[in-house]
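S.K.:
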Amino acid sequence: MIKAVLTGHTRGLGAAIARNLLARNVSVLAIARHRNAELGARHPELLQQVELDLADPAALQDWLESGAQHRFFSDSTTALLINNAGVLQPIGPAGTLDITAVGRAVALNVATPLILASAMIAATNKLSDRRILHVSSGAAQNAYPGWSIYCASKAALDHHARCLALEETDSLRVCSLAPGVIDTDMQTEIRACTEKQFPPREKFVALKNERQLALPADAAARLVAYLLSQKFGQTAVTDLRTLPDVNLR
Ligand SMILES: NC(=O)c1ccc[n+]([C@@H]2O[C@H](COP(=O)([O-])OP(=O)(O)OC[C@H]3O[C@@H](n4cnc5c(N)ncnc54)[C@H](OP(=O)(O)O)[C@@H]3O)[C@@H](O)[C@H]2O)c1
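FYI, the numbering for the sequence shown is 1202 to 1450, going by our numbering.
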C-alpha cells in the first residue's frame, strides 16, 4: 500500500498534489493549519487531515512524539513524504524584514521539512521503498533581490537533498524539485508587492498576463508521476520543467 505524508494540502500546488494522489488511491496524511473540506468530503477513507502550524517547531515535535506519523506508515509498503508547505514572506530588502516573520519562514521552509524527513526515515526503516520530495524553487538556484529569506530557505532544501543522497540510506530516494511558476496564492502575493520590496515584480506580472503560469493540476500531475516513477531520485536536485519524459498517467 502506498501512503503519503503531505504538507500544505489546503490550497495551491499542495491541494492539487493531494487530489492527484487520492485519485490514484494513495492514502494521504495531510498537514496544514486548516482543513481541505472538499477533499475531506470526497475521500473520507483515504484522507487523514492534521491541523498544525508547521512554523511552530514545538507543535511539530508534540505531533511527532504522539507517534502519529509512525502509526500512519506502519502498514505501508511504499512511504512518501512530500514537503510542500512553504511561504514567500517576508519579502523586502534585508534590514526591513519583520524578525518574527523571518523566524517563522525559516521554521516552515527549512526546519519542518528537515525534521519531517528525519522522522520519516526513522519511522520507515523496515520498508523497501521510501521517497522524500522537497518542493523547492528556481529561487534556490537563482538569487532575487527582496527574496533573501525565501531563496536561502529553498537553497537549504536542495543542499539537504544532496547530503541525504550521499548517505545512501537503504531504500531511500530523495529529490528537491523546483515545480515551475504556478498560478497560486503565492503568485498573487508576488504581484501584490511593491517594486521597492521586490524589484523584479514586473516579470511576474507579465508571466500572469501572458498566461505563462502553470495550472496547479498540471504541475501536480507531473510531480506525482515523477515521484512514483522509477526515475525518482536519480538526481538529488531537479526542475519539473526540464524533466524529459515524465509519464503523466
Ligand atoms: N506558486 C509558485 O509559483 C511556486 C514556485 C516555486 C515553488 N513553489 C513552492 O511550492 C510550494 C507550494 O506553493 P503554493 O504556491 O501552492 O503556495 P500557497 O498557495 O501559498 O499554499 C501554501 C500551502 O502551505 C500551507 N501553509 C502555509 N503556512 C503554513 C503553516 N504555518 N503551517 C502549515 N501549513 C502552512 C498552506 O495551508 P494553510 O494556510 O491551511 O496552513 C497552503 O496549503 C511552496 O513550497 C512554494 O515555495 C511555488
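Think of the CB as a built atom: it goes at the ideal place given N, C-alpha and C, for glycine as much as any other residue. In this text the structure is predicted, and so the values were computed from the model without any measurement.
#1: Considering just the uninterrupted stretch of the alpha helix (DSSP H) at residue 1290, what are its terminal residues?
#2: Only counting the same chain, and skipping five residues up and downstream in sequence, which positions put a Cβ closer than 8 Å to that of residue 1279?
#3: By how many angstroms is the C-alpha of residue 1401 removed from the C-alpha of residue 1394?
#4: Taking just the CA atoms, how far does residue 1213 sit from residue 1386?
#5: By Cβ distance, which residues of its chain are closer than 7 Å to residue 1375, with the 5 residues on each side in sequence left out?
#6: With hydrogens ignored, establish whether the beta-carbon of residue 1380 is closer than 6 Å to any heavy atom of ligand 1.
#7: Return the CA-CA distance between residue 1449 and residue 1265, expressed in angstroms with no decimal places.
#8: How is residue 1388 classed by DSSP in three states: helix, strand or coil?
#9: Tell me which same chain residues have a C-beta within less than 7 Å of the C-beta of residue 1288, skipping the five on either side of it?
#10: On the DSSP bridge list, what partners appear for residue 1311?
#11: Buried or exposed for residue 1234, going by 16 or more other Cβ atoms inside 10 Å?
#12: What runs of the alpha helix (DSSP H), each 4 residues or longer, lie entirely inside the stretch 1218-1272?
#13: According to DSSP, residue 1376 sits in a beta bridge with which residue or residues?
#14: With DSSP as the reference, label residue 1449 as helix, strand or coil.
#15: Is residue 1211 near ligand 1, with its Cβ less than 6 Å from a heavy atom?
#16: Taking residue 1239 as the reference, give the member of 1225, 1226 and 1217 with the closest Cα.
#17: Under 8 Å by Cβ, that's how I've got residue 1281 and residue 1336 pegged, so tell me the actual separation to the nearest angstrom.
#18: Using the three-state DSSP reduction, which class does residue 1440 fall into: helix, strand or coil?
#19: Considering just the uninterrupted stretch of the beta strand (DSSP E) at residue 1206, what are its terminal residues?
#20: When burial is assigned at 16 or more other CB atoms within 10 Å of the CB, is residue 1439 buried or exposed?
#21: Is residue 1423 closer than 7 Å to residue 1441 when the C-beta atoms are compared?
#22: Distance check for residue 1258 and residue 1432, CA to CA, integer angstroms please.
M.R.: In this structure, then:
#1: Premise fails: residue 1290 is in no alpha helix (DSSP H) and is neither H nor E.
#2: Only 1202, 1203, 1204, 1328, 1330, 1331 and 1332 meet the Cβ criterion.
#3: 10 Å
#4: 7 Å
#5: 1333, 1362, 1365, 1366, 1434 and 1437
#6: yes
#7: Bear in mind that a pLDDT of 44 at residue 1449, under 50, signals an unreliable position, so the number given afterwards is only what the model happens to contain. One C-alpha to the other measures close to 33 Å.
#8: For residue 1388, the secondary structure class from DSSP, reduced to helix, strand or coil, is helix.
#9: 1306, 1309 and 1310
#10: Bridge partners of residue 1311: none, in fact.
#11: By the neighbour-count definition (other C-beta atoms within 10 Å, threshold 16), residue 1234 is an exposed residue.
#12: 1238-1243 and 1258-1266
#13: 1334
#14: The predicted model places residue 1449 with a pLDDT of 44, which falls under 50 and marks its position as unreliable; any figure quoted below should be read in that light. Reduced to three states, the DSSP call for residue 1449 is coil.
#15: yes
#16: 1217
#17: 13 Å between Cβ atoms; not a contact.
#18: strand
#19: Residue 1206 -> beta strand (DSSP E) spans 1203-1208.
#20: Buried, by the Cβ-count rule.
#21: yes
#22: 33 Å
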